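What follows is one structure encoded as structure tokens, with my remarks underneath.
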Amino acid sequence: MITQHENEDFKDCILSAAVQMQLSLNSVELLYIYSKPSSVEILCMADLWVWLLLSTDGSAYQHKLKLALIGQSIFGQEVYNKLRKEGHKVVGVFTVPDKNGQADPLALAAEKDGTPVFKFPRWRAKGKPIQEVVAAYKSVGAELNVLPFCTQFIPMDVIDCPKHGSIIYHPSILPRHRGASAINWTLIQGDKKAGFTIFWADDGLDTGPILLQRECDVGQNDTVDDLYNRFLFPEGIKAMVCLAVLNINILRGKEKHLLEFESKGNMDKVEAVHLIADGKAPRIPQPTEGATYEGIQKKENAEISWDQPAAALHNWIRGHDKVPGAWTRIDGQVVTFYGSSLLDASVPAGQELAIKGASRPGVVTKNGLVIFGNDGKMVLVRSLQFEDGKMIPASKYFSADETTALELTEEEKKMAEDIRAIWKGILSNVAVIEDSTDFFKSGASSMHVVRMLEEIKQKYSGLQLQNEDVYMATKFADFIQMAVRKFRGEDKEEELVIDYVSKNVNNMTVNMPYQCFINGQFINADDGKTYDTINPADGSVIASVSSASLADVDKAVAAAKEAFENGEWGRMNARERGRLMYRLADLMEEHQEELATIESIDSGAVYTLALKTHIGMSVQTFRYFAGWCDKIQASGLVGQHLSEHPDVRKVGFTGSTPTGKQIMKSAATNLKKVSLELGGKSPLIIFSDCELDRAVKMGMGAVYFNKGENCIAAGRLFVEESIHDEFVSKVVEEIKKMKIGDPLDRSTDHGPQNHKAHLEKLLQYCETGVKEGATLVYGGRQVRRPGFFMEPTVFTDVEDHMYIAQEESFGPVMVISKFKNGYVLLCLLDVDGVLRRANATEYGLASGIFTKDISKALYISEKLEAGTVFINTYNKTDVAAPFGGFKQSGFGKDLGEEALHEYLRTKAITVEY
Numbered sequence: 015m016i017t018q019h020e021n022e023d024f025k026d027c028i029l030s031a032a033v034q035m036q037l038s039l040n041s042v043e044l045l046y047i048y049s050k051p052s053s054v055e056i057l058c059m060a061d062l063w064v065w066l067l068l069s070t071d072g073s074a075y076q077h078k079l080k081l082a083l084i085g086q087s088i089f090g091q092e093v094y095n096k097l098r099k100e101g102h103k104v105v106g107v108f109t110v111p112d113k114n115g116q117a118d119p120l121a122l123a124a125e126k127d128g129t130p131v132f133k134f135p136r137w138r139a140k141g142k143p144i145q146e147v148v149a150a151y152k153s154v155g156a157e158l159n160v161l162p163f164c165t166q167f168i169p170m171d172v173i174d175c176p177k178h179g180s181i182i183y184h185p186s187i188l189p190r191h192r193g194a195s196a197i198n199w200t201l202i203q204g205d206k207k208a209g210f211t212i213f214w215a216d217d218g219l220d221t222g223p224i225l226l227q228r229e230c231d232v233g234q235n236d237t238v239d240d241l242y243n244r245f246l247f248p249e250g251i252k253a254m255v256c257l258a259v260l261n262i263n264i265l266r267g268k269e270k271h272l273l274e275f276e277s278k279g280n281m282d283k284v285e286a287v288h289l290i291a292d293g294k295a296p297r298i299p300q301p302t303e304g305a306t307y308e309g310i311q312k313k314e315n316a317e318i319s320w321d322q323p324a325a326a327l328h329n330w331i332r333g334h335d336k337v338p339g340a341w342t343r344i345d346g347q348v349v350t351f352y353g354s355s356l357l358d359a360s361v362p363a364g365q366e367l368a369i370k371g372a373s374r375p376g377v378v379t380k381n382g383l384v385i386f387g388n389d390g391k392m393v394l395v396r397s398l399q400f401e402d403g404k405m406i407p408a409s410k411y412f413s414a415d416e417t418t419a420l421e422l423t424e425e426e427k428k429m430a431e432d433i434r435a436i437w438k439g440i441l442s443n444v445a446v447i448e449d450s451t452d453f454f455k456s457g458a459s460s461m462h463v464v465r466m467l468e469e470i471k472q473k474y475s476g477l478q479l480q481n482e483d484v485y486m487a488t489k490f491a492d493f494i495q496m497a498v499r500k501f502r503g504e505d506k507e508e509e510l511v512i513d514y515v516s517k518n519v520n521n522m523t524v525n526m527p528y529q530c531f532i533n534g535q536f537i538n539a540d541d542g543k544t545y546d547t548i549n550p551a552d553g554s555v556i557a558s559v560s561s562a563s564l565a566d567v568d569k570a571v572a573a574a575k576e577a578f579e580n581g582e583w584g585r586m587n588a589r590e591r592g593r594l595m596y597r598l599a600d601l602m603e604e605h606q607e608e609l610a611t612i613e614s615i616d617s618g619a620v621y622t623l624a625l626k627t628h629i630g631m632s633v634q635t636f637r638y639f640a641g642w643c644d645k646i647q648a649s650g651l652v653g654q655h656l657s658e659h660p661d662v663r664k665v666g667f668t669g670s671t672p673t674g675k676q677i678m679k680s681a682a683t684n685l686k687k688v689s690l691e692l693g694g695k696s697p698l699i700i701f702s703d704c705e706l707d708r709a710v711k712m713g714m715g716a717v718y719f720n721k722g723e724n725c726i727a728a729g730r731l732f733v734e735e736s737i738h739d740e741f742v743s744k745v746v747e748e749i750k751k752m753k754i755g756d757p758l759d760r761s762t763d764h765g766p767q768n769h770k771a772h773l774e775k776l777l778q779y780c781e782t783g784v785k786e787g788a789t790l791v792y793g794g795r796q797v798r799r800p801g802f803f804m805e806p807t808v809f810t811d812v813e814d815h816m817y818i819a820q821e822e823s824f825g826p827v828m829v830i831s832k833f834k835n836g837y838v839l840l841c842l843l844d845v846d847g848v849l850r851r852a853n854a855t856e857y858g859l860a861s862g863i864f865t866k867d868i869s870k871a872l873y874i875s876e877k878l879e880a881g882t883v884f885i886n887t888y889n890k891t892d893v894a895a896p897f898g899g900f901k902q903s904g905f906g907k908d909l910g911e912e913a914l915h916e917y918l919r920t921k922a923i924t925v926e927y
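According to this note's numbering, the sequence shown is numbered sequentially starting from 15.
Put into structure tokens, the structure is as follows:
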């Protein structure tokens with residue numbers, strides 16, 4: 015027994031052990047352990063399991079039982095293995111006979127260990143126990159029967175024979191869904207909760223007293239397989255040997271201590287069989303209220319009844335998926351439906367398909383078969399199976415018979431024979447693997463699917479097969495045809511049909527799509543409207559582009575929702591998503607010259623800038639966020655419609671502040687999450703102690719980068735009085751060296767503004783500055799040449815109240831104001847004065863400082879009201895650094911780790927065991 019002063023060390027030891035063992039820490043209890051009247055110790059323990067493992071004799075438990083396992087399947091095998099691992103003696107395994115020459119997994123595991131295995135085809139005949147079978151069972155001398163998954167009727171002579179009786183696993187929350195198809199009925203009846211029960215067997219059907227229950231949520235599109243694999247299988251195995259702690263006698267050394275816990279319904283990790291051995295396990299009578307019994311679902315009674323709402327149709331289909339399969343009649347033959355999901359969208363385009371009994375034809379679409387409930391709502395079915403066992407994607411219904419048989423090459427014939435040998439190794443009961451041999455009808459199960467695919471992968475790493483491929487081609491000949499098509503790459507989706515506008519420009523041919531891209535296809539706008547996109551360098555029309563309508567927004571949102579909730583992206587793991595994002599970045603980099611050329615002729619960006627920044631930084635951004643994938647545990651009516659759309663849960667917008675405000679109002683209709691990167695009037699403060707030539711170069715870049723069409727452009731420069739005139743002179747001198755012209759010319763410094771209306775707005779901006787009394791030192795006019803070119807412009811003597819001092823130009827206009835000279839030593843009053851002027855704006859996107867005094871720089875950077883501060887540099891951003899503004903420049907971040915949180919939701923999940 016530990017002493018009082020050892021208490022804290024012992025607590026740490028226990029908690030450390032709990033963490034290493036991955037035990038739950040959320041049901042911590044205070045235990046009072048009495049050893050002597052004068053010694054009371056309070057120990058914080060995560061689980062009694064930890065205490066037991068730390069017992070002086072090194073043994074978790076003092077009591078072991080002789081167990082008989084009655085059942086079958088991988089589930090039974092896993093329970094068997096865990097019980098043996100915990101030190102129990104399994105004196106006999108009673109399972110089903112071999113099927114097609116293959117032993118049940120439970121039998122295989124037991125035979126490997128030398129445990130006696132009995133394979134009885136039945137335990138009763140004509141309603142009476144078979145005495146020879148009962149005698150064989152009694153010969154093993156079991157003290158407890160464990161029935162993890164059993165499909166046979168076991169006589170009460172066997173159930174009641176052991177000292178401690180029999181415990182059974184049932185996959186429902188009893189008394190609901192008694193019977194052999196409990197998981198199916200959980201889904202068929204649309205239950206919101208699923209779960210399992212471990213109960214004491216009695217002479218009724220699933221009516222015995224309850225020992226333990228666990229439950230889980232049922233997802234909208236969960237199938238039987240989903241529930242089984244996610245919860246019923248893994249948690250059921252644990253629960254067969256883990257139950258609530260009640261009153262347990264524990265022997266440690268020579269002393270006996272009674273530890274009393276109140277279970278509170280939690281399931282702490284103490285083996286059931288030990289609880290049973292001590293006679294302390296609960297026996298809670300099942301309530302009569304809410305009890306249901308449903309029979310075994312068979313193929314003949316799984317026909318779809320069409321006069322139901324869509325949700326009921328979906329529940330019926332998924333409740334029968336994969337066995338026995340919900341079916342209907344199409345074109346006179348039985349067709350079974352698999353892989354259903356509710357579809358909340360407008361009716362997708364496709365070909366109608368008449369279905370017997372349905373009030374409305376189905377629609378075969380690119381994503382599957384859409385069927386309709388009597389409420390007009392839709393269900394999407396992904397796979398269909400015909401009477402001959404052939405399964406196809408529902409989207410291929412009208413083209414299922416068009417595929418011709420492939421002529422195999424010598425290499426492919428060898429691959430076929432290698433696969434035949436793999437099938438033979440699995441289907442050992444089949445004398446010869448014929449072309450007509452059916453994988454599943456020959457005795458294979460789902461675990462054999464995994465084995466087969468892994469063996470194929472070892473021999474042919476380039477052949478990527480999925481579990482679903484086996485179900486789609488169950489006969490050997492069909493499987494080989496499918497595998498060869500995949501090996502050749504012929505299984506890829508049909509090539510995307512794209513209409514291009516082609517132009518020979520920048521010593522290359524660039525192809526530019528001009529239609530809306532919706533649901534994986536380029537299509538015209540719903541109303542057929544277009545608008546001309548103009549090359550700002552010469553005013554010519556690049557293309558007539560589809561102008562999206564409100565109907566197009568609805569289509570795009572529905573397609574995005576379907577892809578996210580039911581498409582491949584939502585089903586693949588995070589690492590695979592990252593791989594695809596890396597691939598996208600690689601493709602962008604591979605075609606960066608083409609993309610930069612299109613960007614240049616479309617926006618007027620200088621080609622070298624587009625190549626390095628617009629495209630280059632986009633590539634870096636995709637790569638940055640691709641690395642995060644597995645580490646996270648518009649304006650006008652169209653923009654407004656997107657913002658208001660109930661199926662859009664997050665809006666990110668870059669643009670003007672007025673439009674951003676309107677988007678916030680629209681987003682409030684369903685409280686969607688919003689991040690905004692809006693206008694800016696970024697101040698750049700240049701002190702006399704700066705490196706002047708660098709400040710001139712960087713200051714010009716801060717204003718004239720991308721013709722001033724830059725969200726973080728320095729909208730106003732504050733230059734210390736003593737260097738003001740020299741700074742302005744040097745800027746004008748450098749402007750005169752700038753080459754204005756064709757953005758595709760590699761020597762061009764300054765290209766055209768994005769479009770004509772923007773150029774006209776800039777000219778008006780400059781006129782306003784002159785009228786208000788600012789000094790126009792240089793520029794302010796349109797360049798005399800075709801296109802939308804604006805001269806780089808410089809204003810001085812700009813006072814704080816002037817329009818150009820307060821409003822963003824989004825163009826190549828440098829707005830300069832003086833501020834009084836400071837002192838050699840930092841004078842806070844002088845610095846605070848220019849700070850007040852710099853912060854006297856409703857915007858707060860970016861800012862900059864040029865000074866050699868690091869203390870001054872750090873002081874000012876802390877006080878500047880902007881999301882980004884540059885010190886002795888400008889425009890130097892990184893995809894890993896957060897980017898976003900304050901005040902009316904918006905909120906939320908576009909880059910870095912913080913940007914991820916804009917697209918994530920934080921959820922708290924509390925679990926009691």
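Don't be surprised by glycine CBs; every beta carbon is placed ideally from N, CA and C.
From a predicted model like this one, the values you see are computed outputs, not experimental measurements.
With a contact defined as Cβ atoms closer than 8 Å, glycine 794 and threonine 807 qualify at about 5 Å.
One thing to note: valine 746 has its Cβ within 9 Å of the Cβ of valine 791. Around the beta carbon of serine 195, 16 or more other beta carbons sit within 10 angstroms, so the residue counts as buried. Boundaries of the alpha helix (DSSP H) harbouring histidine 915: 910 to 915, taken from the DSSP string. Taking the Cα of leucine 777 as reference, the smallest distance to any Cα among Pro697, Ile818, Pro162 and Leu225 is reached at Ile818.
Minimum Cα-Cα distance from aspartate 112 among the listed residues Leu441, Arg138, Leu81 and Asp452 corresponds to Leu441.
A direct Cα-Cα distance of roughly 40 Å separates isoleucine 144 from cysteine 230.
As computed with DSSP, tyrosine 545 is found in a beta bridge with Val559. The three-state secondary structure of phenylalanine 134, taken from DSSP, is coil. According to the DSSP secondary-structure assignment, histidine 764 is paired through a beta bridge with Ile754. Judged by DSSP secondary structure, aspartate 432 falls within the alpha helix (DSSP H) whose first and last residues are 424 to 440.
In the displayed model, lysine 770 falls within a helix according to three-state DSSP. Boundaries of the alpha helix (DSSP H) around alanine 640: 630 to 642. When secondary structure is reduced to three states using DSSP, alanine 139 falls in the strand class. Within the model, the alpha-carbon separation for serine 186 versus glutamine 234 is close to 18 Å. Runs of the beta strand (DSSP E) spanning 3 or more residues and lying entirely within the stretch 77 to 138 occur at 80 to 84, 103 to 109 and 131 to 133, in chain order. DSSP places aspartate 566 in the helix class (H, G or I) of the three-state scheme. Distance from the Cα of glutamate 786 is smallest, within the candidate group Glu774, Phe803, His769 and Met816, for Met816. For isoleucine 749, the enclosing alpha helix (DSSP H) begins and ends at 735 to 749. Phenylalanine 803 is a Cβ neighbour of leucine 773, given a cutoff of 9 Å. Only residues of its own chain outside the window of five on either side were considered, and among them Thr807 have a CB closer than 6 Å to the CB of valine 827, listed in chain order. Using a 10 angstroms sphere on the CB of glutamine 480, the tally of other CB atoms stays under 16, which defines it as exposed.
According to the DSSP assignment, leucine 690 belongs to the beta strand (DSSP E) that extends over 687 to 691.
Going by DSSP, tryptophan 214 is part of the beta strand (DSSP E) stretching over 207 to 214. The stretch 346 to 359 makes contact with the stretch 396 to 405: 3 or more CB pairs, one atom from each, lie closer than 8 Å. When DSSP states are grouped into helix, strand and coil, aspartate 846 belongs to the helix group. The closest CA to that of proline 323, considering only Leu422, Phe732, Gln365 and Arg374, is found on Arg374. Taking the CA atoms as reference points, glutamate 424 sits about 47 Å from phenylalanine 163. Burial check for valine 555: the Cβ neighbour count within 10 Å stays below 16, so the residue is exposed. Judged by DSSP in its simplified three-state form, glutamine 234 adopts coil rather than helix or strand. The C-alpha of glycine 339 is placed about 7 Å away from the C-alpha of isoleucine 331. For the options Ile615, Ser560 and Val710, the alpha carbon positioned closest to that of glycine 553 is the one of Ile615. Contact between the stretch 733 to 741 and the stretch 693 to 712 is present: 3 or more CB-CB pairs across the two stretches fall below 8 Å. Between alanine 619 and the set Asn724, Asp171, Val524 and Val110, the nearest pair of CA atoms involves Asn724. Just measuring C-alpha positions, the residue of Leu914, Ser413, Ala326 and Lys336 sitting nearest phenylalanine 386 is Ala326.
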